[in-house]
Every structure is written in C-alpha cells, then in structure tokens.
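Colleague: Sharing a structure below in structure tokens format, with a few things to ask.
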Amino acid sequence: MAEYSHILVALDLTDESRQVAQRASALAQAFDSRLSCVHAIEPLSFAYGGDIPMDLSTIQEQIQQTAKNHLAEFARALGIDEADRHLIFGRPETEVDAVAKQIEADLIVVGSHGRHGIALILGSTANGVLHGAPCDVLAVRVGA
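Structure, rendered in structure tokens:
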C-alpha cells in the first residue's frame with residue numbers, strides 16, 4: 002500500500018463533508034501525514050453565466066465570510082493549522098487540483114454521491130478532480 006505524506010481533503014462544507022473529513026483525518030493519522038483542507042467558492046457570475054444586471058459583490062463577500070467561518074470550524078475539528086487551510090475561488094474540479102499541485106499533496110480525499118449516467122455527465126466534482134489530479138484521489142461515498 003502506498004504511504005502518503007500530505008493529504009488534501011476537499012470540503013463542500015455540507016453535513017456530508019463530515020464523513021469525508023473523518024476519512025481524511027483517519028488516513029492522516031494512519032500514515033502520520035500532514036493534513037490540509039480546501040474549499041472552493043464558485044463566483045456567482047459562474048452560476049449566472051457572466052453578465053448580471055446587479056452588483057453581487059456584497060452577496061459574494063457574505064458567501065466568502067460564511068465559507069471562511071465554516072472552513073475554520075471543520076479545520077479546528079480536524080486539528081488543521083491555519084496555514085494548511087485553503088479557501089479559493091473558481092470551479093472546484095479545477096481549483097482543488099491546482100491547490101494539490103501547489104502544496105505537493107500526494108492524496109486528495111473528496112466526497113462522491115455515486116452518481117452515474119446523465120447526472121455524472123452533467124457534473125461531478127469528484128470526477129472532475131479525478132481527471133485533472135496530480136496525485137492519487139480517494140472518493141468517499143456520501144449520502145448513501
């Protein structure tokens with residue numbers, strides 16, 4: 002079995018993320034690995050296709066602050082230092098891979114709902130992370 006020295010857990014900050022976080026934490030303890038976490042905030046302009054006839058900066062700032070607080074809660078529960086917490090902007094499936102490469106993680110742990118067929122084709126963050134990852138990826142089944 003491979004030994005991992007730096008594990009990155011990708012969190013969407015939902016209750017299901019707790020399962021993913023617990024699995025990543027258990028692996029980090031088993032391998033005596035460094036554990037980092039990441040959460041990607043998709044800019045509202047992505048959701049609305051670009052041109053929006055209103056200023057969303059206040060809403061985006063509120064989303065960012067809420068995400069920062071929730072990520073800090075998750076990280077504290079996992080014993081992750083502030084320097085190993087990554088709050089980023091962009092599409093999760095590409096940004097998680099970019100952080101993994103930047104911090105030289107050798108394992109990414111991500112949640113997966115086990116979708117298949119059209120649901121998978123229309124968008125699976127776990128699938129996107131897997132196909133662009135610079136290292137091994139462990140998909141933890143959630144919501145089953």
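Numbers in the numbering used here are just positions in the sequence shown, counted from 1, shifted up by 1. A virtual CB, placed ideally from N, CA and C, is assigned to each residue, including glycine.
1. Helix, strand or coil for Asp16 per DSSP?
2. Rounded to the nearest angstrom, what separates Pro44 and Phe75 at their Cα positions?
3. Under 8 Å, do Cys136 and Asp85 count as touching if we go by C-beta distance?
4. For Arg19, which residues in the same chain have their Cβ closer than 6 Å to its Cβ, ignoring the five residues on either side in sequence?
5. Roughly how many angstroms lie between the CA atoms of Arg35 and Ala29, to the nearest whole one?
6. Note down, in chain order, each residue of its chain lying with its Cβ closer than 6 Å to the Cβ of Ala127, except the 5 sequence neighbours on either side.
7. In whole angstroms, give me the CA-to-CA distance for Ile119 and Ser125.
8. Tell me, to the nearest whole angstrom, how far the beta carbon of Val143 is from that of Ile109; I am working on the premise that it is less than 8 Å.
Modeller: So, from the listed chains and residues:
1. coil
2. 22 Å
3. no
4. none
5. 6 Å
6. Val111, Ser113, Ala140
7. At Ile119, the pLDDT of 44 sits below 50, so the modelled position is not reliable and the matter cannot be decided from this model.
8. Actually they are not in contact, since the Cβ atoms of Val143 and Ile109 sit about 15 Å apart, beyond 8 Å.
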